[in-house]
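Asks: Below: one structure in structure tokens.
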Amino acid sequence: MTEPRNPGMSSVPQSNPSHTESSSQAVEMDPVEYTLRKRLPRKLPKRRNDVYVNMKTDFRAQLARCQKLLDGGGHREICVHGLGLAINRAINIALQLQASSQGALQLAANTSTVELIDDLEPEDPDEAGEPMTRTRNNSAIHIKVFYPDPQ
Amino acid sequence: MSAAKAKRREKKMRNQPANVQYPSPPQVESRAENGGGGEGLHLTGGQSDADPSSKKEGSAPVRHGWVRGYHKDGGGYNTEMPNHITAGAFARARAAEVSAMLKAATKTTCSSHVFQVLPKHMRRRAMSHNTKRLPRRLRDVANRMKEKNLLAGLKKRKEPVKSKSRKARRRHGNLLLEFNRRQRKNIWLETHIWHAKRFHMVKKWGYCLGVRPTYKCYRPCYRAMSSHCLLQDLSYYCCIELKGEEDKLLAALTQLTCKEAGPTFSAAMFLSGARQGSVTVYRAGRYPSDPLGPVTFLWRPQTPGLTHRQLWIWAHPALKQDLLPELQSACQCSEAVAPPVEPEVSRAEADPTPRAEPNPDNELKAGAKRKRRCKDGSEPPAKRILGDGTRLPTSPVTWRSSSTGLVINDLTMEIIRYRLIGPQSHSVLAETLEAATVCDELKFSPLWWPEHCKDQSNMNLHQQQTDVFNVLKGIYSTGELPPGTVLGLTVDDPRLTLPRQKVKAVPCVNQDPVGDEEKRNQLMLQGVPLQCCQSFLWERSVRDNVTDNKISEQELNRMRSELLVPGSRLGPGPQQGRVPVLLVHQPGKQVGDELGSWGAGWDLLLPKGWGMAFWVPLVYREVRVSGLHMSLKHSQNKAAPHFPHDYPDCPAGSRFQEEQEAEFLDTFRRRPPAKRTNYIKHGCLAPFRCPWQQLAEEWELLVTDGGADRKGGVQTQMTRKSHEVIEEVTSQQNVAAASPPSCFTVLRNRRSLRLLSSWCRPPTCRGQRRGRGAAAALPLSDSAVTSFHATHKMSVVWVRLTLLSKGKPEAHAMVCAPTAEDLKLFGKSPENCGPQEPPHKDHYKSRINRKKKSFKTATPSQESDDPTASTDPHSPSDLLQGLWPDPLPSVVSHCSRVTLGWVTQGDFSLAVGRGEALGFVSVSGLLHTLLKQPPELRGTLLLRNPTSLHYRFVRLNIDV
Numbered sequence: 001m002t003e004p005r006n007p008g009m010s011s012v013p014q015s016n017p018s019h020t021e022s023s024s025q026a027v028e029m030d031p032v033e034y035t036l037r038k039r040l041p042r043k044l045p046k047r048r049n050d051v052y053v054n055m056k057t058d059f060r061a062q063l064a065r066c067q068k069l070l071d072g073g074g075h076r077e078i079c080v081h082g083l084g085l086a087i088n089r090a091i092n093i094a095l096q097l098q099a100s101s102q103g104a105l106q107l108a109a110n111t112s113t114v115e116l117i118d119d120l121e122p123e124d125p126d127e128a129g130e131p132m133t134r135t136r137n138n139s140a141i142h143i144k145v146f147y148p149d150p151q
Numbered sequence: 001m002s003a004a005k006a007k008r009r010e011k012k013m014r015n016q017p018a019n020v021q022y023p024s025p026p027q028v029e030s031r032a033e034n035g036g037g038g039e040g041l042h043l044t045g046g047q048s049d050a051d052p053s054s055k056k057e058g059s060a061p062v063r064h065g066w067v068r069g070y071h072k073d074g075g076g077y078n079t080e081m082p083n084h085i086t087a088g089a090f091a092r093a094r095a096a097e098v099s100a101m102l103k104a105a106t107k108t109t110c111s112s113h114v115f116q117v118l119p120k121h122m123r124r125r126a127m128s129h130n131t132k133r134l135p136r137r138l139r140d141v142a143n144r145m146k147e148k149n150l151l152a153g154l155k156k157r158k159e160p161v162k163s164k165s166r167k168a169r170r171r172h173g174n175l176l177l178e179f180n181r182r183q184r185k186n187i188w189l190e191t192h193i194w195h196a197k198r199f200h201m202v203k204k205w206g207y208c209l210g211v212r213p214t215y216k217c218y219r220p221c222y223r224a225m226s227s228h229c230l231l232q233d234l235s236y237y238c239c240i241e242l243k244g245e246e247d248k249l250l251a252a253l254t255q256l257t258c259k260e261a262g263p264t265f266s267a268a269m270f271l272s273g274a275r276q277g278s279v280t281v282y283r284a285g286r287y288p289s290d291p292l293g294p295v296t297f298l299w300r301p302q303t304p305g306l307t308h309r310q311l312w313i314w315a316h317p318a319l320k321q322d323l324l325p326e327l328q329s330a331c332q333c334s335e336a337v338a339p340p341v342e343p344e345v346s347r348a349e350a351d352p353t354p355r356a357e358p359n360p361d362n363e364l365k366a367g368a369k370r371k372r373r374c375k376d377g378s379e380p381p382a383k384r385i386l387g388d389g390t391r392l393p394t395s396p397v398t399w400r401s402s403s404t405g406l407v408i409n410d411l412t413m414e415i416i417r418y419r420l421i422g423p424q425s426h427s428v429l430a431e432t433l434e435a436a437t438v439c440d441e442l443k444f445s446p447l448w449w450p451e452h453c454k455d456q457s458n459m460n461l462h463q464q465q466t467d468v469f470n471v472l473k474g475i476y477s478t479g480e481l482p483p484g485t486v487l488g489l490t491v492d493d494p495r496l497t498l499p500r501q502k503v504k505a506v507p508c509v510n511q512d513p514v515g516d517e518e519k520r521n522q523l524m525l526q527g528v529p530l531q532c533c534q535s536f537l538w539e540r541s542v543r544d545n546v547t548d549n550k551i552s553e554q555e556l557n558r559m560r561s562e563l564l565v566p567g568s569r570l571g572p573g574p575q576q577g578r579v580p581v582l583l584v585h586q587p588g589k590q591v592g593d594e595l596g597s598w599g600a601g602w603d604l605l606l607p608k609g610w611g612m613a614f615w616v617p618l619v620y621r622e623v624r625v626s627g628l629h630m631s632l633k634h635s636q637n638k639a640a641p642h643f644p645h646d647y648p649d650c651p652a653g654s655r656f657q658e659e660q661e662a663e664f665l666d667t668f669r670r671r672p673p674a675k676r677t678n679y680i681k682h683g684c685l686a687p688f689r690c691p692w693q694q695l696a697e698e699w700e701l702l703v704t705d706g707g708a709d710r711k712g713g714v715q716t717q718m719t720r721k722s723h724e725v726i727e728e729v730t731s732q733q734n735v736a737a738a739s740p741p742s743c744f745t746v747l748r749n750r751r752s753l754r755l756l757s758s759w760c761r762p763p764t765c766r767g768q769r770r771g772r773g774a775a776a777a778l779p780l781s782d783s784a785v786t787s788f789h790a791t792h793k794m795s796v797v798w799v800r801l802t803l804l805s806k807g808k809p810e811a812h813a814m815v816c817a818p819t820a821e822d823l824k825l826f827g828k829s830p831e832n833c834g835p836q837e838p839p840h841k842d843h844y845k846s847r848i849n850r851k852k853k854s855f856k857t858a859t860p861s862q863e864s865d866d867p868t869a870s871t872d873p874h875s876p877s878d879l880l881q882g883l884w885p886d887p888l889p890s891v892v893s894h895c896s897r898v899t900l901g902w903v904t905q906g907d908f909s910l911a912v913g914r915g916e917a918l919g920f921v922s923v924s925g926l927l928h929t930l931l932k933q934p935p936e937l938r939g940t941l942l943l944r945n946p947t948s949l950h951y952r953f954v955r956l957n958i959d960v
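From first to last, the protein sequence lines are chains A and B. The first sequence begins at 1 in UniProt numbering and counts up by one. The second sequence begins at 1 in UniProt numbering and counts up by one.
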């Protein structure tokens, strides 16, 4: 059932920006055969100091949210997560936070791979039979932004 | 003024004896011979009462009676006297006059109260309460009046006294009888009483349904949908069961659908029974015209060794009356089968349960049933109606075909359907439902579950289903599941695990063993294994058994009170019911780029009778409950058409449109004329309905005629052209009334929609690169458009419009094509608010005024002739100020921007954070517009609300 990752799909822009917000889009793989629908990435429970970055919300708003968590929220550390296209933005946010703190903040970045699931719906259902699913991998980044302990 | 006077006079005359009359000119002669006396004397009789008609008399040529002021001709008495008097006749006449006078004098002339006889300065407070405050001469009358009032009041009060006391009325049995009486016309859902206490109820489609809660909860409901769980009772959806051999069923059903519009009944993934499908049904063989409406359907998974299949079709009640005859004719099921005896059991008028009769020894064991039996013996049965209460017990619900062997069953109200919307809906389900505990009792039992437990294969299946359900608990959000998954399950009575307080259901993802991770991934990839989709809910006998053997709430409470440790949980014993349920996953938003899987959730199908037993435990998991209003918003956020609002080509949809128009017109009429919107001035031809047929026809004419000079592409040319065409149209409409015109259709062909969708996007945007299949193959060009247009004549297409600036679209807003100048302005600054429509002139206003004026001048003359007939101020007029009278002029070119279509639903979308509108546009018009737009601004249109002159820029999306 599960197909290996199609190299042709790498050109498809990744619009699953984060765990929290993502989009499934109708994509033409092979217009006659299948319709591709992306399922949501797996969600995990979220702490208060977890920030999932997406591409839909304004950058400044997300930055301000992180800043607020660090300043007023009473958190010594926050975690900024980004998936796919949003990795860039997550890094950006973390660097901005560090720059605006005049060196008080430190960063620790981890990367990971997230397994995503696509549904392939046959266009002509009578012939093609069962709908197919396949998994593909996508990169994610988790940046810990924290005040180092004084000692 | 004079009308009132005439009325007063009439009233006075009513009290007069027949032989005494007030003088009025035409009656002079008759009185002369009647009384035999002088007219002058007569007149004095008349004058004894203050003559109200004296003023009028003054204007009459012959004067009688007193005349106010000095008059030249003497005015007063007639000097001519009779020569002789007949004494008897004269005396009789005078006696009659005297008695009339006395009668008139004793009678109070004024209408209602004694107090009103008194001049204002003599009136006192609370005179009616204490008659001693009146002058003595009026006291008697007042006392008499008071007594009379008291008596009348008593009489009035007596009538309701006839019904029983409140205590008696609220007694359980009587209350149920009353409830049964009240649901004879409109079906009540099982949760009706719960809803009626909390919701605004409305009678629609033969049901009593909740529209929205009485408390304010629009935003909380939205939040529940997008982050927690929203609950809805969808039991009013009608289920139609089809049974028969698979190929025969499919052969019958393929007539109703078409593969071009998406997967049909025969699609492999649905046919196996692992997924729920949805499809638009057409009249047999009539695709693409004559659609009936959307249905969802579910096949029963094949049981090994059986060729018969079972199919449930769920349809909206507004659709059922069209769908059922169509299905019958398609399956050739015309023989109505007399309803079996079993369904009668649940009716109110049915006698004590026949099921209980054969095994009285079991009956005696369970306390509940014994009690019920005694009750049945002593008092008339007052059972709550389960199922369809409006149907006659003798009306058939089953139809059979003798040639093909297919059977159609109408299962309306037999199965309860609850919809849970939101990412946490399955954690709510996981907390509420608990897989049934096995009960290994060897004795014979009337319940179905112990019997089933004896069979090992059943137990294996149950174990598998339980495992899958437990794995599901580890999933955080409903949107992660394969869309349309079906899971059968048998659960314990959820009332046993009812929490004492409301608790919020939260997902428990953390404490997963490693093995579950594997299983979960397997489940997510391949879906629920096929055998787990089987459920005993499909079996009628099991359903009836479960319904009949439900433990009453009272009995349950008694058992709770008998627990050794008060407050501890009741364990699931052997006599408690196990309920077969079906869980059906509802995919959320599947089309379009944004908000994927928004609004995904689960549907819970239950046997009838168990509605409240599941409803309250669900509500105790802190879900929000909503009604019809929110289901509309749900589909709006999903950008899906909502039945019957957005199906104007279906019979139910057009009926709905008519109702909606009547309703809007009524609210419009109820406003004072000066406060009504003048839609003519706003250039809005049809503010309360959308004339789709006219739109499609006009665009058809425009495109076929304007095909030659389309290259010119100048808007003004176009509008001029359209004006000419319109005259043609209107003239043609009169001619073509006799011949049946081809109806407009809604474009549902998936391939064409996809092509159209790619054309609507600017080529630089992501979508175009992505959809390199169709769009790359066929770029937007004249020839492509012509061929597309040739295949889809007279069609409209469902679109989603997102506002680019501020503004909130409303229903029936116009979708217009921007001119080249507008687009230029837009290109300079995308935040530009958009052009203005010059105000139109209301030519009908003067006509209405003229009419009114002429009406006014006409009235006094009428009045003088006939005072009674002239009081009606409303003359039948079809002109209503501010609305265009029928027939409408050209809808396309009425305004300065060409109209492409209308919005059927529009609101500020909380999901997107902007105004969003859904509606239809004409395909021909859309293509025509797209061709002329510069490629980078393709798909930019204008939207104008019916009450505004301001056009706003919108982006058009066609989601496939």
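Just so it is clear, CB atoms sit at the ideal spot from N, CA and C, and this is done for glycine as well.
Would you say B:S846 and B:F788 are within 9 Å of each other, going by their C-beta atoms?
Replies: Not in contact: B:S846 and B:F788 (Cβ atoms no closer than 9 Å).
Asks: Give the residues of chain A in contact with B:P482, contact being defined as C-beta atoms less than 9 Å apart.
Replies: Near B:P482 (Cβ distances below 9 Å), the residues of chain A are R39, I117, D119, P131 and T133.
Asks: Whose C-beta lies closer than 8 Å to the C-beta of B:M127 among residues of the same chain, with five residues either side of it excluded?
Replies: Here the set comprises F115, R133, L134 and A142.
Asks: Cα separation between B:L176 and B:F297?
Replies: Rounded to the nearest angstrom, the two C-alpha atoms are 35 Å apart.
Asks: Going along the region 39-62 of chain A in order, which residues come within less than 9 Å of chain B, judged by CB to CB distance?
Replies: So the close ones are R39, L40, P41, R42, K43, L44, P45 and K56.
Asks: Please list the residues of the region 593-604 of chain B that have a C-beta atom closer than 9 Å to any C-beta atom in chain A, keeping them in chain order.
Replies: Cβ contacts with chain A come from D593, E594, L595, G596, S597 and A600.
Asks: If you check the beta carbons only, do B:F614 and B:T490 fall under 9 Å apart?
Replies: The answer is no: Cβ separation not under 9 Å.
Asks: Is B:S163 close to chain A? Criterion is C-beta to C-beta, closer than 9 Å.
Replies: No, B:S163 does not count as interfacial toward chain A.
Asks: To the nearest angstrom, how far is the alpha carbon of B:C816 from that of A:M55?
Replies: Their backbone Cα atoms lie some 31 Å apart in a straight line.
Asks: Nearest to A:L63 by CA position, among A:A90, A:R39, A:D119 and A:K43, is which residue?
Replies: The shortest Cα separation from A:L63 among A:A90, A:R39, A:D119 and A:K43 belongs to A:A90.
Asks: Measure the Cβ-Cβ separation of B:I416 and B:G601 and say whether it is below 9 Å.
Replies: Not in contact: B:I416 and B:G601 (Cβ atoms no closer than 9 Å).
Asks: Threshold first: 4 residues or longer. Then list the alpha helix (DSSP H) segments lying entirely within the UniProt domain "Pop1 N-terminal" (90-170) of chain B, N to C.
Replies: DSSP runs (the alpha helix (DSSP H)) wholly in the UniProt domain "Pop1 N-terminal" (90-170) of chain B: 136-161 and 166-170.
Asks: On the DSSP letters alone, give me the boundaries of the alpha helix (DSSP H) that B:D388 sits inside.
Replies: Careful: B:D388 lies outside any alpha helix (DSSP H) and carries neither H nor E.
Asks: Which residues bound the beta strand (DSSP E) around B:R419?
Replies: Residues I415 to I421.
Asks: The alpha helix (DSSP H) that contains B:P248, what's its start and end?
Replies: First, the residue type needs correcting, since residue 248 of chain B is Lys and not Pro in the sequence shown. Segment E246 to T254, the alpha helix (DSSP H) holding B:K248.
Asks: Does any CB atom of chain A fall closer than 9 Å to the CB of B:Y222?
Replies: It does not: the Cβ of B:Y222 has no partner Cβ on chain A nearer than 9 Å.
Asks: List, in order along the chain, the chain A residues whose C-beta lies closer than 8 Å to that of B:G479?
Replies: In chain order: R39 and L40.
Asks: Would you say A:P150 lies against chain B (beta-carbon separation less than 9 Å)?
Replies: No, A:P150 does not count as interfacial toward chain B.
Asks: B:G573: which of B:P763, B:Q328, B:L102 and B:P450 sits nearest, CA to CA?
Replies: If we check each option's Cα against that of B:G573, B:P450 comes out closest.
Asks: Taking all protein chains shown into account, do 16 or more other C-beta atoms lie within 10 angstroms of the C-beta of B:W205, making it buried, or fewer, making it exposed?
Replies: Result: buried.
Asks: With a Cβ-Cβ cutoff of 9 Å, do B:L780 and B:L931 count as a contact?
Replies: Result yes, Cβ atoms of B:L780 and B:L931 sit closer than 9 Å.
Asks: Okay, do the region 593-600 of chain B and the region 491-504 of chain B touch, 3+ Cβ pairs below 8 Å being the bar?
Replies: Not touching, per the Cβ criterion.
Asks: Please report the distance separating the alpha-carbon of B:A686 from that of B:L632.
Replies: Between B:A686 and B:L632, the C-alpha separation is close to 23 Å.
Asks: Which value, in whole angstroms, describes the spacing of the CA atoms of B:P119 and B:A674?
Replies: Between B:P119 and B:A674, the C-alpha separation is close to 40 Å.
Asks: In whole angstroms, what is the alpha-carbon distance linking B:G609 and A:A109?
Replies: B:G609 and A:A109: Cα-Cα distance of roughly 57 Å.
Asks: Go ahead and pull the three-state DSSP assignment for residue 978 of chain B.
Replies: Summary: the structure shown does not reach residue 978 of chain B, with chain B confined to residues 1 through 960, and so no result is reported for it.
Asks: Three-state secondary structure (DSSP) at B:F199?
Replies: The answer is strand: DSSP assigns B:F199 an E or B state.
Asks: Is there a C-beta anywhere in chain A that falls below 9 Å from the one on B:A430?
Replies: Cβ-Cβ to chain A under 9 Å: no for B:A430.
Asks: Do we get a CB-CB distance below 9 Å when we pair B:Y620 with the residues of chain A?
Replies: So no, B:Y620 is outside the interface.
Asks: For the beta strand (DSSP E) that B:C816 lies in, which residues bound it at each end?
Replies: It spans M814 to A817 - the beta strand (DSSP E) in which B:C816 sits, taken as one unbroken run.
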